[in-house]
Amino acid sequence: MIHWILVSTLLVVASCRVSDPPVLKTSNISIIYDGYRAPVNENTPLLVRQAFAIENRELAEPAAIIDWADRSHSTWDVFYATNRGIQTPTEPHRLHFGNELLTFPQYGHAHITIPTHQRGEDPLLTAPTKKWGFIPVKHDPELHPLVSFPLVERLDEDQFNSSLNDQIARSEFHDLLIFVHGFNVDFDNAIARTAQLGLDMPFNGALVSYCWPTQGGVKNYSSDEPINQQCVAPFTQFLSHLIDAVPDTTRIHIVVHSMGNRIVMQGLNQLKAKHDDKPIDHLVLCAPDVGVSDYRKWISGCQQVCNHVTLYTNIGDSALISSKSLHSEQRAGDASPPVVVEGVETIDCSTIELGLMGHSYYGSNPDVLTDIFMLTKQDRKADQRTHLKQETTAVGEPYWVFENHAPKLIYSWNFEKQAKTLENKLVKVTENLLERK
Numbered sequence: 006m007i008h009w010i011l012v013s014t015l016l017v018v019a020s021c022r023v024s025d026p027p028v029l030k031t032s033n034i035s036i037i038y039d040g041y042r043a044p045v046n047e048n049t050p051l052l053v054r055q056a057f058a059i060e061n062r063e064l065a066e067p068a069a070i071i072d073w074a075d076r077s078h079s080t081w082d083v084f085y086a087t088n089r090g091i092q093t094p095t096e097p098h099r100l101h102f103g104n105e106l107l108t109f110p111q112y113g114h115a116h117i118t119i120p121t122h123q124r125g126e127d128p129l130l131t132a133p134t135k136k137w138g139f140i141p142v143k144h145d146p147e148l149h150p151l152v153s154f155p156l157v158e159r160l161d162e163d164q165f166n167s168s169l170n171d172q173i174a175r176s177e178f179h180d181l182l183i184f185v186h187g188f189n190v191d192f193d194n195a196i197a198r199t200a201q202l203g204l205d206m207p208f209n210g211a212l213v214s215y216c217w218p219t220q221g222g223v224k225n226y227s228s229d230e231p232i233n234q235q236c237v238a239p240f241t242q243f244l245s246h247l248i249d250a251v252p253d254t255t256r257i258h259i260v261v262h263s264m265g266n267r268i269v270m271q272g273l274n275q276l277k278a279k280h281d282d283k284p285i286d287h288l289v290l291c292a293p294d295v296g297v298s299d300y301r302k303w304i305s306g307c308q309q310v311c312n313h314v315t316l317y318t319n320i321g322d323s324a325l326i327s328s329k330s331l332h333s334e335q336r337a338g339d340a341s342p343p344v345v346v347e348g349v350e351t352i353d354c355s356t357i358e359l360g361l362m363g364h365s366y367y368g369s370n371p372d373v374l375t376d377i378f379m380l381t382k383q384d385r386k387a388d389q390r391t392h393l394k395q396e397t398t399a400v401g402e403p404y405w406v407f408e409n410h411a412p413k414l415i416y417s418w419n420f421e422k423q424a425k426t427l428e429n430k431l432v433k434v435t436e437n438l439l440e441r442k
């Protein structure tokens with residue numbers, strides 16, 4: 006009872022931290038992508054070539070999608086590594102992972118179907134029914150399927166390597182995204198969030214989820230901390246294995262949330278002794294539940310193995326304000342004040358993240374999703390993302406804030422049936438233009 010009273014009190018305090026909503030300009034700029042490549046040649050009219058010849062390679066069709074129904078759902082093939090124990094299997098082709106702590110990683114992949122949803126909306130919380138006025142409309146599973154797992158199976162290391170490398174090879178830029186979840190996330194949620202990032206960010210390369218055995222529930226936060234620490238070794242084993250297994254041309258991006266940052270940052274520090282190069286392209290630290298002293302101790306080692314490191318923070322992050330009270334130390338993801346380290350771009354999301362908890366904006370805020378897309382897929386530094394503005398701390402350290410909303414990201418993916426339809430339309434357009442000549 007005392008525990009819940011403390012949490013409620015801290016949430017009230019956290020809500021008082023949120024500043025008045027700023028007046029942001031609604032972006033009039035849209036970034037439009039269409040992965041379709043029209044079969045143009047020297048006989049194709051100039052108008053058609055101008056319309057179709059530009060290749061939007063950043064958003065070619067995702068390598069991880071195995072089924073696509075634009076208006077209802079998509080099914081993703083997400084690889085995983087986990088040091089969770091397997092529960093007794095009850096379904097064929099569908100493993101279930103519990104909260105048992107293992108000292109080594111297991112490998113596999115999952116097919117997950119997620120419903121079409123508004124960008125940033127949690128697919129696991131998407132309402133199965135819609136309302137017309139006050140009248141509920143019966144849920145139609147064909148038009149709006151619930152999250153489901155047609156397949157969750159283990160792979161041995163060789164199978165994992167082979168299957169993952171095949172997905173990487175089908176990626177336009179040989180991109181690979183590793184997502185590491187935070188506190189109070191079960192295995193299914195971790196896989197769903199990884200697929201959601203692929204759809205909503207959007208990210209069209211290979212997808213890997215690292216799932217560590219958080220025990221779940223706010224009351225288990227304190228018991229999760231030693232478990233989190235014991236996950237550093239198996240995560241490091243997984244990451245070292247993955248780096249050695251994938252081609253050197255692979256662009257590895259790590260997006261990590263909340264308490265998961267402790268695992269990733271320590272793991273990267275252990276890798277630095279093994280690598281003279283920088284095998285990680287982008288390290289994206291979202292709302293780190295990491296004490297500022299540990300963050301400053303570990304960040305240099307992260308920079309030694311990562312080409313780019315970005316820190317996302319928020320002044321109204323209730324979870325981190327609670328953690329600060331518990332640990333008597335500011336957390337790195339708390340923007341009061343922003344934590345700035347040379348060589349790391351700190352992005353303060355306080356002007357655009359005004360939700361009650363303010364903690365999961367990495368996957369729920371469309372502006373942040375677009376910003377991470379422009380960072381990882383387009384390699385744009387903060388000064389090249391025009392919706393950001395540079396500010397300085399009280400001691401003159403530079404960081405970045407959202408001055409405007411990020412550009413609207415409009416994209417279309419064309420799989421076999423859609424591509425054929427577009428090709429037929431293009432042929433007709435070409436024929437009509439040639440007839441006019």
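First residue of the sequence shown? That's 6 in the numbering used here, and the numbers climb one at a time after it.
Beta carbons: idealized from backbone N, C-alpha and C, even for Gly.
Computed from a prediction, not measured in an experiment: that's the story for all the values here.
Following the DSSP letters along the chain, one finds G348 in no beta strand (DSSP E), marked with neither H nor E.
For W73 and V297, the gap between their C-alpha atoms comes out near 43 Å. Excluding five sequence positions before and after Q92, the CB atoms of its chain that fall closer than 7 Å to its own CB belong to H101, F102 and G103, given in chain order. If you ignore the 5 residues before and after G306, its C-beta comes within less than 7 Å of the C-beta of L273, N274 and K277, all in its own chain and listed in chain order. Residues of the same chain with a CB within less than 6 Å of the CB of E350, apart from the 5 flanking positions on each side, are T315 and A387 in chain order. Boundaries of the beta strand (DSSP E) around T397: L393 to T397. The criterion of a C-beta distance shorter than 8 Å is satisfied by L129 and A197.
Between the alpha carbons of P284 and D180 lies a distance of about 13 Å. Residue state for I232 is assigned as helix, using DSSP reduced to three classes. Going by beta carbons, R336 and P293 fall inside the 8 Å limit. The beta carbon of E334 lies closer than 8 Å to those of G296, V297 and S298 in the same chain, with the five residues before and after it left out.
In terms of Cα proximity to I320, the closest of S168, G360, N312 and C311 is G360. Take S176, set aside five residues on each side of it, and the residues of its chain with a beta-carbon closer than 7 Å to its own are A68, N209, G210 and A211, in chain order.
Rounded to the nearest angstrom, the Cβ distance from T87 to H116 is 16 Å, too far for a contact under 8 Å. The distance from the Cβ of L182 to that of V260 is about 6 Å, consistent with a contact at the 8 Å cut-off. Of all C-beta pairs linking the segment 341-349 to the segment 364-382, fewer than three are shorter than 8 Å, placing the two stretches out of contact. Given a length threshold of 3 residues, each whole run of the beta strand (DSSP E) inside the segment 289-336 is given here in chain order: 311-318. Distances from the alpha-carbon of F420 to those of N312, L64 and L29 put L64 closest.
Annotation for M264: G187, F188, N233 and D294 place their beta carbon closer than 6 Å to its own, counting only its chain and skipping 5 residues before and after. For a cut-off of 8 Å, the C-beta gap from S168 to L160 is around 7 Å, short enough to register as a contact.
Exposure of T95 is indicated by the presence of fewer than 16 other C-beta atoms within 10 angstroms of its C-beta.
At a Cβ-Cβ threshold of 8 Å, H246 and E162 count as neighbours.
The beta carbon of S355 sits closer than 6 Å to the beta carbons of N319, I320 and A340 from its chain, once the five residues preceding and following it are set aside; these are given in chain order. For the pair H287 and M379, the Cα-to-Cα distance works out to about 12 Å. Each of S328, L325 and K394 was checked against the Cα of D353, and the nearest Cα belongs to K394. Measuring C-alpha to C-alpha distances from V400 to each of S330, K279 and V345 identifies V345 as the nearest.
Assigned with DSSP and collapsed to three states, D180 falls in strand. Secondary structure note for I257: its beta strand (DSSP E) is the uninterrupted segment R256 to H262. Taking T241 as the centre and dropping the five residues before and after it, the same chain places the C-beta of G272, Q275 and L276 closer than 7 Å to its C-beta, in chain order. Y226 is bridged by DSSP to nothing; it lacks a bridge partner. For V213, the secondary structure class from DSSP, reduced to helix, strand or coil, is strand.
For G401, no alpha helix (DSSP H) segment is defined, and its DSSP state is neither H nor E. A Cβ-Cβ separation of about 23 Å leaves N170 out of contact with V269 under the 8 Å criterion. At a Cβ-Cβ threshold of 8 Å, F109 and P239 count as neighbours. Between S369 and D127, the CB-CB gap stays under 8 Å. Residue environment analysis places S323 among the buried positions, since at least 16 neighbouring C-beta atoms fall within 10 angstroms of its C-beta.
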